[in-house]
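Engineer:
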Amino acid sequence: MLFLRGILMNKFIFNQKYPFILLFVSFIFIMPQIITKSMVIGSDAIFHFNRFFETSEQIKNGNLQYFISIYGFQQSGRIVNALYSPFVAYLNGVLVLIADNWFTYQIITNFILYNIAGFSMYHFLRSGHVDHRKSLLGSLLYMCTFSILYWSTRQGFSSWGAAVMPMCFSLIFYVLEEKKVPTFKLGIYVALLVQIHMLSAFITVLIFIPVFFFAFYKSTSKKNFLTDLISAIILFTLLTFNIWTAYITIASNNILIQPFVNKTMSLNTIDKNSYYWLINPCSLLIILIFTIIFFIKKWKHHSTESKMIFIIMMIFMLLSTSIIPWDTLIEKRFFIAELIQFPFRFFTPVTIFILYLFFKISDFKKIAKIFVLLGILQVVILMFVTLSAWSSNDDFILSGPKTVFKEENVKKIKKAFFSKNKGEALEVVMKSTPDYLPFYENENFKNIHELNAYELYKNNIINKNQYFKKSIVKSKLVVKEINFSEEFIEFPVIIYAGTRLTTMGTELASDQYSLSVIGTPIINREYVNNNQIEIEYNNKFNDLSIYLTLIMWGIVIIIGIYVKLNYFV
Numbered sequence: 001m002l003f004l005r006g007i008l009m010n011k012f013i014f015n016q017k018y019p020f021i022l023l024f025v026s027f028i029f030i031m032p033q034i035i036t037k038s039m040v041i042g043s044d045a046i047f048h049f050n051r052f053f054e055t056s057e058q059i060k061n062g063n064l065q066y067f068i069s070i071y072g073f074q075q076s077g078r079i080v081n082a083l084y085s086p087f088v089a090y091l092n093g094v095l096v097l098i099a100d101n102w103f104t105y106q107i108i109t110n111f112i113l114y115n116i117a118g119f120s121m122y123h124f125l126r127s128g129h130v131d132h133r134k135s136l137l138g139s140l141l142y143m144c145t146f147s148i149l150y151w152s153t154r155q156g157f158s159s160w161g162a163a164v165m166p167m168c169f170s171l172i173f174y175v176l177e178e179k180k181v182p183t184f185k186l187g188i189y190v191a192l193l194v195q196i197h198m199l200s201a202f203i204t205v206l207i208f209i210p211v212f213f214f215a216f217y218k219s220t221s222k223k224n225f226l227t228d229l230i231s232a233i234i235l236f237t238l239l240t241f242n243i244w245t246a247y248i249t250i251a252s253n254n255i256l257i258q259p260f261v262n263k264t265m266s267l268n269t270i271d272k273n274s275y276y277w278l279i280n281p282c283s284l285l286i287i288l289i290f291t292i293i294f295f296i297k298k299w300k301h302h303s304t305e306s307k308m309i310f311i312i313m314m315i316f317m318l319l320s321t322s323i324i325p326w327d328t329l330i331e332k333r334f335f336i337a338e339l340i341q342f343p344f345r346f347f348t349p350v351t352i353f354i355l356y357l358f359f360k361i362s363d364f365k366k367i368a369k370i371f372v373l374l375g376i377l378q379v380v381i382l383m384f385v386t387l388s389a390w391s392s393n394d395d396f397i398l399s400g401p402k403t404v405f406k407e408e409n410v411k412k413i414k415k416a417f418f419s420k421n422k423g424e425a426l427e428v429v430m431k432s433t434p435d436y437l438p439f440y441e442n443e444n445f446k447n448i449h450e451l452n453a454y455e456l457y458k459n460n461i462i463n464k465n466q467y468f469k470k471s472i473v474k475s476k477l478v479v480k481e482i483n484f485s486e487e488f489i490e491f492p493v494i495i496y497a498g499t500r501l502t503t504m505g506t507e508l509a510s511d512q513y514s515l516s517v518i519g520t521p522i523i524n525r526e527y528v529n530n531n532q533i534e535i536e537y538n539n540k541f542n543d544l545s546i547y548l549t550l551i552m553w554g555i556v557i558i559i560g561i562y563v564k565l566n567y568f569v
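Residue numbers for the sequence shown follow the UniProt record's numbering, beginning at 1 and rising by one.
In structure tokens:
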């Protein structure tokens, strides 16, 4: 720690253009896992591991299937990645291939996340005219917040959105100061956030709305402002075309089971059970209280831009508390509340803005350095404590009650996560998360809100898989029954509107099978050739949208590299 303190006090490092110290601190944060050789299997780990195992196997076998899952999620044919950051899923698939096992993958992704968060926050603070030293300190503190730790401690994917969010917010300063729209940056940054995490992008756009309205009102060239904004929206659309076409083609033809509805949202607020968002790091609460009091007392002395950021911050802090009647909104089936799930997600922009305001209005560099040192120490301690669960025989996997274990031997389960065969861990530990399954109304289930999709997926897919053999032939998932007893066979795969269902190459007509409430096909044996069916999902329009989006990103990256190279020449 004394060595770290020496680095933080080093003027040479503070005066460099790029804060390479962020790399060093990121390395410190992953050291507890390297030392203990332990895993963190949090609430969302199994779900995301399946997503990325799916893409890694597709890449490995040269068998790209953008829509249905043919390797992960119990080879169920369910659609997940196409609706949940598909390009990022493939990038993670590459990381899964590079990593020796899930343990190595976890260390790599944690390291990458810390660095993205640090550099993104640094860019945001520098854009807000915070000096280099303060920007570096603010970046280090942001890396210590639970907005980022949510991934390393629980595998909450919103951390990836939180890591990029400050970079998007850096545009606020330009818009408010120049009263202009940064067309290319706006289109690219928001598109990047949508590709990473949709809810984070939604929150970011909510924050942009009052900022852009204010800038438009103050603009002396409203026509150019609107023209540039429309251009940014067009660029954004082209860079996210794959997302919208997938949503339109899948959601318009299927009733999808959305991520679970949190009926006790008021408990997941910063003033109740999720108070840890306020105290990671502990100095955050001090910074929050001090900045709010100081800012209000000196209100007249602050710029219009700072006042607007302060007001936005206070609104989002209110949204992250139980003052909002979240449970009542859920009872009334308010869609936005169901989408949010956890109000603490609104606290991420609060942490970003409060750090900016703190360093903008104060000059407590020595205190800030102490805050950073204590924050880094707190993260290291938190990681050691979180990793200690791995040594337990009962709570070593914190993925919730919906987890299904196909192996009773704890040592074998743990060993599977260190195996080079990454599918091994996903075969012994499964979770019946039903996100994006289709819903088909029948006599027993007429209301999607009364559906226990977790149990249905567990019974219809996970438990039934043992009676079937699954394989992949090109883009087709082949499912063959190995239990020859019943007249009607319910195959453990999911059928969507758009899924092609065949038996030995012959397509089954819709009147030759029925579907369960979550889309598993029930077929009379007389229609099934050789006890085998095949499923695939092809959509040429979606394929074109994927290629178009990739081409657009390729052009953007090439132009970005060209501009950077010319900047340094």
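Quick reminder that beta carbons are idealized off the backbone N, C-alpha and C, glycines included.
Every value quoted in this text rests on a predicted model; they were computed, and no experiment measured them.
Sort out for me which residues DSSP pairs residue 54 with in a bridge.
Structural biologist: In the DSSP output, where bridge partners are listed per residue, residue 54 has none listed.
Engineer: Run through DSSP, which three-state label would residue 86 get?
Structural biologist: helix
Engineer: Closest by CA to residue 480, which one among 285, 322, 515 and 504?
Structural biologist: The residue from 285, 322, 515 and 504 with its alpha-carbon nearest to that of residue 480 is 504.
Engineer: Taking the alpha carbon of residue 328 as the point to measure from, which residue in 264, 283 and 358 has its own alpha carbon closest?
Structural biologist: 264
Engineer: Near residue 528, what residues of its chain come up, given a Cβ to Cβ distance below 7 Å and the 5 sequence neighbours on each side ignored?
Structural biologist: 489 and 503
Engineer: Please check the pair residue 146 and residue 277, which I expect to be a contact at CB under 8 Å, by giving their CB distance rounded to whole angstroms.
Structural biologist: 5 Å
Engineer: State yes or no: is the C-beta of residue 495 within less than 8 Å of the C-beta of residue 76?
Structural biologist: no
Engineer: If the criterion is Cβ atoms closer than 8 Å, does the pair residue 507 and residue 501 meet it?
Structural biologist: Between residue 507 and residue 501, the gap from beta carbon to beta carbon is short of 8 Å.
Engineer: Where does residue 242 land, buried or exposed, given buried means 16+ other C-beta within 10 angstroms?
Structural biologist: buried
Engineer: Going by DSSP, which residues form a beta bridge with residue 479?
Structural biologist: In DSSP, residue 479 forms a bridge with 470 and 533.
Engineer: In chain order, what residues of the same chain have a beta carbon less than 7 Å from the beta carbon of residue 14, not counting five sequence neighbours either side?
Structural biologist: Any reading at residue 14 needs caution, since the residue's pLDDT is 48, under 50, leaving its predicted position unreliable; the model's value is listed next. Taken in chain order, the residues that qualify are 132, 133 and 136.
Engineer: What's the gap between the Cα of residue 179 and the Cα of residue 318?
Structural biologist: Taking the Cα positions, residue 179 is about 28 Å away from residue 318.
Engineer: Return the first residue and the last residue of the alpha helix (DSSP H) that residue 591 is part of.
Structural biologist: Because the chain in this structure spans residues 1 to 569, residue 591 falls outside the shown range and cannot be described.
Engineer: Tell me which same chain residues have a C-beta within less than 7 Å of the C-beta of residue 50, skipping the five on either side of it?
Structural biologist: 72, 73 and 426
Engineer: If I'm right that residue 438 touches residue 461 with Cβ under 8 Å, what's the distance once you round it to whole angstroms?
Structural biologist: Wrong, their Cβ atoms sit about 13 Å apart, outside the cutoff.
Engineer: Please report the straight-line C-alpha distance between residue 388 and residue 355, rounded to a whole angstrom.
Structural biologist: The alpha-carbon atoms of residue 388 and residue 355 are separated by roughly 31 Å.
Engineer: Residue 323 to residue 306, Cα distance in whole Å?
Structural biologist: 25 Å
Engineer: Within the continuous beta strand (DSSP E) that includes residue 500, where are the two ends?
Structural biologist: 499 to 503
Engineer: Counting only the same chain and skipping the five closest in sequence on each side, list residues whose C-beta sits under 8 Å from that of residue 313.
Structural biologist: 349, 350, 353, 354 and 357
Engineer: Can you give the beta carbon distance from residue 160 to residue 123, rounded, assuming they're within the 8 Å contact cut?
Structural biologist: Incorrect: roughly 16 Å between the Cβ atoms, too far for contact.
Engineer: If we ignore side chains and look at the alpha-carbon of each, how far apart do residue 200 and residue 190 end up?
Structural biologist: 10 Å
Engineer: Closer than 7 Å by C-beta to residue 570: which residues in its own chain qualify, once you throw out the five before and the five after it? Chain order, please.
Structural biologist: No answer is possible for residue 570: it lies beyond the span of the chain, which begins at 1 and ends at 569.
Engineer: Can you give me the C-alpha to C-alpha distance between residue 94 and residue 560, rounded to a whole angstrom?
Structural biologist: 23 Å
Engineer: Below 8 Å on the Cβ atoms is my guess for residue 156 versus residue 26; work out the distance and round it to an integer in Å.
Structural biologist: For a cut-off of 8 Å, the C-beta gap from residue 156 to residue 26 is around 18 Å, too long to register as a contact.
Engineer: So if DSSP puts residue 430 in a beta bridge, which residue, or which two residues, is it bridged to?
Structural biologist: 404
Engineer: Count the other CB atoms within 10 Å of the CB of residue 541; is the residue buried (16 or more) or exposed (fewer)?
Structural biologist: exposed
Engineer: Report the option in 372, 431 and 386 whose CA atom is closest to the CA atom of residue 399.
Structural biologist: 431
Engineer: Quick check: the Cα distance between residue 295 and residue 302, rounded to an integer number of angstroms?
Structural biologist: About 8 Å.
Engineer: At the level of alpha carbons, what is the spacing between residue 84 and residue 43?
Structural biologist: 17 Å
Engineer: Exposed or buried, which one is residue 564 when buried takes at least 16 other CB atoms within 10 Å?
Structural biologist: exposed
Engineer: When burial is assigned at 16 or more other CB atoms within 10 Å of the CB, is residue 436 buried or exposed?
Structural biologist: buried
Engineer: Below 8 Å on the Cβ atoms is my contact criterion, and I expect residue 469 with residue 448 to pass it. Report the Cβ-Cβ distance as a whole number of Å.
Structural biologist: About 32 Å; that fails the 8 Å criterion.
Engineer: Give me the Cβ distance between residue 255 and residue 82, rounded to the nearest whole Å; I'm assuming they're in contact under 8 Å.
Structural biologist: The Cβ separation is near 17 Å, so there is no contact.
Engineer: Taking residue 120 and residue 164 to be in contact with their CB atoms under 8 Å, please state how far apart those CB atoms are, rounded to whole angstroms.
Structural biologist: 6 Å
Engineer: So which of 497, 463 and 142 has the shortest CA-CA distance to residue 359?
Structural biologist: Residue 142 holds the alpha-carbon nearest to the alpha-carbon of residue 359 among 497, 463 and 142.
Engineer: Return helix, strand or coil for residue 321, following the three-state DSSP convention.
Structural biologist: coil
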